[in-house]
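The sequence shown begins at 1 in the UniProt record's numbering and counts up one residue at a time.
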Amino acid sequence: MKNNFIFNISKSRAMDLPKLDWQAFDVKIKKLQYQIAVAYETNDLRRVKELQRILTGSFAAQMLAMRTVFQSSGIFAAGVDNLSNPTIVQFWVLADQLRIIGKSPLTYLAKPVRRVWIPKNHLTNVKNRPLGIPTVLDRAVQALFLMALEPCVEATSDANSYGFRKGLGNRDALTTLWNFLHVGRFKPVLVYDADIKNFFPSVSHDWLLEHIPLSPYILKQFLRAGFVEDGTFNTTEEGFPQGGNISPAIANIVLNGLEKSIRSNVSKIKPSALDRVHVVRYADDFVVTAPQFRDVLSNIVAPAITRFLEPRGLQLNLEKTKVVDRKEGFSFLGFSWKYVPNNFRPGQWMWLVTPTDKAMDLIFKRIDDLFKLSLKEGWPIMQLITKLNQVLLGWANYYKMGHPAAAFSKVIEYVWRKYLMWCKLKYPKASMNWVFTNCFVHETQGKRKSPCAKPNSISKVKLTDIRTVKGEWFGKQTLFTGNVYKLKFTRTWHETRSGGKLNT
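See the structure below:
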């Protein structure tokens, strides 16, 4: 079945795109990636380079790279080329340039990224972080060479690494951590909550060029392109920008082997503790569980992490890295984990997993910003509630795992109060009775009122109560038994979950 690929402006050469067999392209590239993964695992680097050259030079890979870039929401953000939301004509111009680069990589010269600063966690009291926006062509080149690099990254990935890997995500990382904290007769008591200092800006270029199985010339172009900020060009001697298509893969390959290094050191020095030492990582965010002996973490795990990071130009942030008892609690991927008494089973304890205080501050601030923006721009009630529903559902669907009921109730009550204040500001001369009649709707039980837009007698937009979002418990983890490129005749993790089949 052919997948239509639709652009939105020019019709010039537009009929060429639906004729392309995207499914056949995908199958061809998956087979090449499978061969690359096998060659890399057997340390046949010459074969790896040959297959990578075939892949990047193929029309199928080049078109898939272009499609990846043009279907991304980032297509609306311009780099130093000032090109955003390109037309179909520009698509083919860029595709022709990409084809030349794929065939002759030495002709490629990367342009600097445009650096912008975005709020970290969107909180006003937290410093901003830099984001590098490449040009559209540079994004396409990165997407192309990412296809050649991904199999190598996947082949060396740690067993419990879940960030930016095909078919894996934060849900799998959280489930794995939950299982490690519960499984076994002697459960982990201590947690090493680690934080790497300035990860993206600090990685050594020399280490990357030596260890990443990709054309050194192309890699240098990605790493040393520099950045433009406020019209001024700046060189980059270390690190790599967040925002590029290939950045997550580079981040993973830098930290691949961390879990093996930690467990190897523990097995040599204190084998009896190995069953309770586990590492769960999502990109550069990771935690290590350990038994009740603090010396395992302070004398074995911490030095092992330091030795692993040092040649990569990295170090731990000692201000944020700490050893915590399970009763003190820790945070991971936006969730607060704390060992507390079980109110339903006296004498027993349980892990309470809830959104962190920062996560709560984030959603409150986003709600405030929406209400302020709606007053400034004069939104009708329907538009406000539609926007609120989008924000609330997105937040609730991420934090629905664990024990979010109390947090959900706080958020919905906060929205209710803010909406009432908004109505009074929107209609200052209206009575409270008029506000409740025209801006709220009775629930089916007839007791509670909920914010609602009634633009006419036919349609209405009701505020979604996120407390009705069905939660998920951290259940038994589905085993990810192998590399997505090596599972040639079985269904991959992602395709198993979605019910699809792997084309071979």
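Backbone N, C-alpha and C define an ideal beta-carbon position, used for all residues, glycine too. Since this is a predicted model, take the numbers as computed values, not measurements.
Between L177 and T289, the CB-CB gap stays under 9 Å.
According to the DSSP assignment, W379 belongs to no alpha helix (DSSP H), since it is labelled neither H nor E. In the DSSP annotation of this structure, the continuous segment of the beta strand (DSSP E) that includes H278 starts and ends at H278 to Y282. Here the alpha carbons of F70 and P241 stand approximately 20 Å from one another. For A290, the enclosing beta strand (DSSP E) covers residues D285 to A290. L32 sits buried, since 16 or more C-beta atoms from the chains shown fall within 10 Å of its C-beta. Ranked by how close their Cα comes to the Cα of P291, the residues A304, P271, I363 and W22 have P271 in first place.
Of all alpha-carbon atoms in V141, T42, N128 and L209, the one lying nearest the alpha-carbon of L109 is that of V141.
Counting only unbroken stretches of 4 or more residues, the alpha helix (DSSP H) elements lying wholly within the region 43 to 125 are 45 to 56, 59 to 71 and 88 to 103, in sequence order.
Around the beta carbon of M432, fewer than 16 other beta carbons lie within 10 angstroms, which makes this residue exposed.
Annotated three-state conformation of V228 is strand, per DSSP. Contact between P86 and F233 does not hold, since their C-beta atoms are separated by about 24 Å, which reaches or exceeds 8 Å. If the five residues before and after P105 are omitted, its C-beta is found closer than 8 Å to the C-beta atoms of T56, S215, Y217 and I218, all from its own chain and listed in chain order.
Between W117 and P134, the C-beta gap is not smaller than 9 Å, which leaves the two residues out of contact. With 16 or more other CB atoms across the displayed protein chains lying within 10 angstroms of its CB, T156 is buried.
In this structure, S264 places its C-beta atom within 9 Å of the C-beta atom of A304. A straight line joining the alpha-carbon of S336 with that of E154 spans about 29 Å.
According to DSSP, A194 shares a beta bridge with F286. Assignment of I212 by DSSP, reduced to helix, strand and coil, places it in the coil class. For N234, the beta-bridge partners assigned by DSSP are F227.
Rounded to the nearest whole angstrom, the CA to CA distance from D295 to V323 is 11 Å. Linking V340 to P404 through their CA atoms gives a straight-line distance of about 15 Å.
Under DSSP, F332 forms a beta bridge with F335.
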